[in-house]
Amino acid sequence: MTRHRPLPALLRAQLYQHLAAMEKAGLPPDRAYALLDLGRAGSARVAAFRKLAARRNEPAGAGLASGLFTQFEARLLRAAFAAGSPLPTYQRLADFHAARARQLSTLRSRMVLPVAILTLALLVQPLPALAGGTLSVGGYLWRVLAPLLVLGGAALLVARAIAWFGGGGAAPARAGVERALMALPVFGPMHVRRNMRDFIDSLALLLDAGLPLFDAMPVALDTVANRLVRADLAAMLPQLIAGATLAQAIRTLRLADTGQLHALALTGEQSGTLPEMLRRHAASESDTINRFQLEMMAWLPRVFYALVALWMALGILGGPPGPVAPL
Numbered sequence: 001m002t003r004h005r006p007l008p009a010l011l012r013a014q015l016y017q018h019l020a021a022m023e024k025a026g027l028p029p030d031r032a033y034a035l036l037d038l039g040r041a042g043s044a045r046v047a048a049f050r051k052l053a054a055r056r057n058e059p060a061g062a063g064l065a066s067g068l069f070t071q072f073e074a075r076l077l078r079a080a081f082a083a084g085s086p087l088p089t090y091q092r093l094a095d096f097h098a099a100r101a102r103q104l105s106t107l108r109s110r111m112v113l114p115v116a117i118l119t120l121a122l123l124v125q126p127l128p129a130l131a132g133g134t135l136s137v138g139g140y141l142w143r144v145l146a147p148l149l150v151l152g153g154a155a156l157l158v159a160r161a162i163a164w165f166g167g168g169g170a171a172p173a174r175a176g177v178e179r180a181l182m183a184l185p186v187f188g189p190m191h192v193r194r195n196m197r198d199f200i201d202s203l204a205l206l207l208d209a210g211l212p213l214f215d216a217m218p219v220a221l222d223t224v225a226n227r228l229v230r231a232d233l234a235a236m237l238p239q240l241i242a243g244a245t246l247a248q249a250i251r252t253l254r255l256a257d258t259g260q261l262h263a264l265a266l267t268g269e270q271s272g273t274l275p276e277m278l279r280r281h282a283a284s285e286s287d288t289i290n291r292f293q294l295e296m297m298a299w300l301p302r303v304f305y306a307l308v309a310l311w312m313a314l315g316i317l318g319g320p321p322g323p324v325a326p327l
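With the UniProt record's numbering applied, the sequence shown has no gaps in its numbers, which climb one by one up to 327 at the end.
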């Protein structure tokens, strides 16, 4: 299968908004795909998707092979098609990518001033040496451009790494990255919560469609991107087979804080509203994750400001010494 870089967040939001609107209108899939237009940036992928979908009659796999869907999105959509209607998942993905596009746009606008201050500092700091004749014009340009090139390269590598990891593809290095990510303070627990949210949301969708718990569990497990979290969740299956309730099995999970989830699952099982309780938990977790992402978007420019100020202070303190007075 050809590997594709994920489409930009705004295009992915448009893709799922279109699919959700067509599903809500009751159009057959081939007609909905024929009306799909993502502009020049996505035209080749749309054409490949339509051919593959017509031949395979399996939209999730066609979207993955054509590059319209990431691995994670294809897993979610397989679970949605197994549940019956993909409309809730289309809408959830559309909302997620629209929010991500807004966050990225906000981040870019907030980073303009810090980057401008850094560029100005790089331009000004070597000027005394250039004016004093101790630095050539070429050396001045190198002193200005080298840090910008290093920062630009680092930002590009980080963006590529995030796109690769977010794509959900399997790779030998992925397990190590997942383990390291889970060990990070603040970010690690939120990463686990995001994977747990995906599992619970998919499980609720499948149970609401009438699938038995034993049939729904493997499909919902496939939507969990982190293999360590997936293995922890999969350990519930033998307990369920042995006769434990879902609430009892949830209590044995090791990687996530399951207090609220256990209480809601117990209430749902006792009242016969388990899918509704699981959806409520998934919605609460989604709100928490979105607030966390917004806070990170607000703090990143401040951290960059602090690093620029520290670099400028070190440059001033470590500047060339003045002339020594004769004894």
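Glycine residues also receive a C-beta, built at the ideal position from the N, C-alpha and C atoms. Small disclaimer: the values here were computed from a predicted structure and weren't measured.
Pick out whichever of the options has its Cα sitting closest to the Cα of residue i.
| i | options | result |
| --- | --- | --- |
| T119 | S105, L141 and Q103 | L141 |
| R227 | A216, S202, L205 and H191 | H191 |
| A244 | G259, L213, T223 and T258 | L213 |
| A265 | L246, A283 and D222 | L246 |
| L151 | G63, S202 and F304 | F304 |
| A32 | A82, G39 and A21 | A21 |
Taking only the alpha-carbon atoms, compute the straight-line gap between residue i and residue j and give it to the nearest angstrom.
| i | j | result |
| --- | --- | --- |
| N57 | V144 | 56 Å |
| A173 | A231 | 17 Å |
| P8 | V46 | 14 Å |
| G272 | R251 | 19 Å |
| R92 | A306 | 36 Å |
| K51 | Y16 | 19 Å |
| W299 | I289 | 15 Å |
| A256 | V229 | 9 Å |
| F199 | G139 | 55 Å |
| G132 | P126 | 10 Å |
| A54 | A309 | 57 Å |
| L135 | G153 | 26 Å |
| R78 | V115 | 42 Å |
| L11 | A98 | 9 Å |
| Q248 | M217 | 15 Å |
| Y49 | A34 | For the sequence presented, residue 49 should be read as Phe rather than Tyr. Taking the straight line joining both Cα atoms gives about 10 Å. |
| Q260 | M182 | 21 Å |
| V124 | V177 | 40 Å |
| L87 | K24 | 7 Å |
| P6 | L104 | 15 Å |
| R254 | L237 | 15 Å |
| L19 | Y90 | 7 Å |
| P320 | L122 | Caution applies to P320, whose pLDDT of 48 falls short of 50 and renders its modelled position unreliable; the value that the coordinates give is listed next. Those two C-alpha atoms are separated by around 17 Å. |
| D201 | T267 | 17 Å |
Quick check on the burial criterion: 16 or more other C-beta atoms within 10 angstroms. Buried or exposed for residue i?
| i | result |
| --- | --- |
| A161 | exposed |
| D75 | One detail in the question is off: residue 75 reads as Arg in this sequence, not Asp. The residue in question, R75, is buried, as its Cβ has 16 or more Cβ neighbours within 10 Å. |
| S43 | exposed |
| S109 | exposed |
| D30 | exposed |
| G26 | exposed |
| V219 | buried |
Report back the beta-carbon spacing between residue i and residue j to the nearest angstrom; my notes put them in contact at under 8 Å.
| i | j | result |
| --- | --- | --- |
| L278 | A159 | So it is not a contact: roughly 34 Å between Cβ atoms. |
| L233 | P275 | 17 Å between Cβ atoms; not a contact. |
| A60 | F69 | 7 Å |
| G84 | A209 | 5 Å |
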